[in-house]
Each structure stands twice: as C-alpha cells, then as structure tokens.
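Start counting at 1 in the sequence shown, then tack on 30, and there's your number in the working numbering.
Read through the structure below, which is laid out as structure tokens, and then see the notes.
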Amino acid sequence: MRLESPEFENGGNIPSRFTCDGEGTNPELIFSDISKEAKSLVLLMDDPDAPMGIWDHWIVFNMPPDTKGISENSIPNGVVGKNTRGDNKYGPPCPPDREHRYFFKLYALNTKLGLDENATKQDVLNAMQEHILTEAELMGRYNRI
Numbered sequence: 031m032r033l034e035s036p037e038f039e040n041g042g043n044i045p046s047r048f049t050c051d052g053e054g055t056n057p058e059l060i061f062s063d064i065s066k067e068a069k070s071l072v073l074l075m076d077d078p079d080a081p082m083g084i085w086d087h088w089i090v091f092n093m094p095p096d097t098k099g100i101s102e103n104s105i106p107n108g109v110v111g112k113n114t115r116g117d118n119k120y121g122p123p124c125p126p127d128r129e130h131r132y133f134f135k136l137y138a139l140n141t142k143l144g145l146d147e148n149a150t151k152q153d154v155l156n157a158m159q160e161h162i163l164t165e166a167e168l169m170g171r172y173n174r175i
C-alpha cells in the first residue's frame with residue numbers, strides 16, 4: 031500500500047498553505063495498492079515532536095476501501111474523530127518552537143470500526159488492533175521560524 035501527496039515528498043517540507051501560517055487546509059493525499067481484503071481505511075496524522083507529547087492532528091476512520099485519496103481542502107468520506115484540540119477536523123501544523131515532523135499513517139483494515147465521531151486516536155488504535163492488513167506512511171516537516 032502507498033500513501034503519497036503531490037504537495038510534498040516523503041521527508042520533505044509541507045507547504046505553508048496547509049499550516050496555521052496559511053489557509054490551514056488539508057493537503058491532497060493519494061492512496062494506492064490497497065489490499066483487496068480491506069473492509070475500511072484509517073488515516074491518522076500526528077506530531078511526535080510536540081512539546082507536551084504526541085499531538086493528534088487528524089483522525090479519519092471507516093473510509094471505504096475503494097477510496098483513492100483525499101482531495102485538498104475536503105472532508106474525507108468516513109468518520110472524522112476528535113483530534114488533540116477536541117475538534118472533528120484537520121488540525122494544521124503549527125509548531126511553537128522548532129521544526130516538527132508530521133506523520134500521515136494509512137491503515138487498511140479487515141473490518142469497519144464500531145466507533146463514532148467522539149473517538150480519539152487512542153480509541154481508534156485500540157479498536158483496530160488485530161485488524162490491520164497493511165499500512166503506509168508519509169512524513170512531512172514544517173518550521174514556522
């Protein structure tokens with residue numbers, strides 16, 4: 031399985047328009063080579079470099095397995111869970127201190143998750159244990175300074 035963006039390369043810089051310094055909209059993401067056994071997809075975006083610990087920016091689950099990606103500035107076809115701010119939406123990168131890494135993680139699952147929009151990343155991680163078929167990752171960097 032592959033997870034890519036036409037906006038930045040893996041390990042590259044996330045353009046400022048997708049951050050708190052720009053429009054704060056989500057970048058386009060492209061999914062490919064998804065397992066034919068998949069029943070749903072999960073997308074998680076987090077920042078492990080946040081001063082207070084891992085910051086969850088985006089939690090999307092129960093996306094249909096035939097989903098080819100997420101368009102720029104769009105609401106994904108799935109359930110959007112609560113990010114660290116408690117919002118059910120994309121939280122743009124906004125590092126307070128230095129360059130941070132932002133990990134987009136895509137999972138193909140052999141089931142749909144019995145969760146609703148109140149789910150946090152930890153709820154999703156707990157529910158998808160034992161159900162992950164394949165996974166892919168895309169990492170981008172951003173520094174406000």
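Glycine is no exception: its CB is placed at the ideal position from the N, C-alpha and C atoms.
Every value quoted in this text rests on a predicted model; they were computed, and no experiment measured them.
Extent of the continuous beta strand (DSSP E) to which residue i belongs
i, result
"Ala138", "His130 to Leu139"
"Pro34", "Per the sequence presented here, residue 34 reads as Glu, with Pro not at that position. Counting along the chain, the beta strand (DSSP E) containing Glu34 begins and ends at Arg32 to Glu34."
"Asp146", "No beta strand (DSSP E) holds Asp146; DSSP gives it neither H nor E."
"Asn92", "Trp85 to Met93"
"Ile60", "Leu59 to Ser62"
"Asp76", "Ser70 to Asp77"
Residues that residue i bridges to, as DSSP identifies them
i, result
"Gly170", "Tyr132"
"Ile105", "None, per the DSSP bridge assignment."
"Gly99", "Ile60"
"Asn25", "What is shown of the chain runs 31 to 175, which leaves residue 25 out entirely."
"Thr164", "Ala138"
Range of the contiguous alpha helix (DSSP H) that encloses residue i
i, result
"Met158", "Lys151 to Met158"
Inter-residue spacing [alpha-carbon to alpha-carbon] between residue i and residue j
i, j, result
"Pro78", "Lys112", "17 Å"
"Leu71", "Gly144", "13 Å"
"Gly10", "Asp127", "Nothing about residue 10 can be read from this structure; the chain reaches only from 31 to 175."
"Arg131", "Glu147", "26 Å"
"Pro81", "Ser62", "33 Å"
"Arg115", "Ser101", "23 Å"
"Pro57", "Glu37", "7 Å"
"Asn156", "Ala149", "11 Å"
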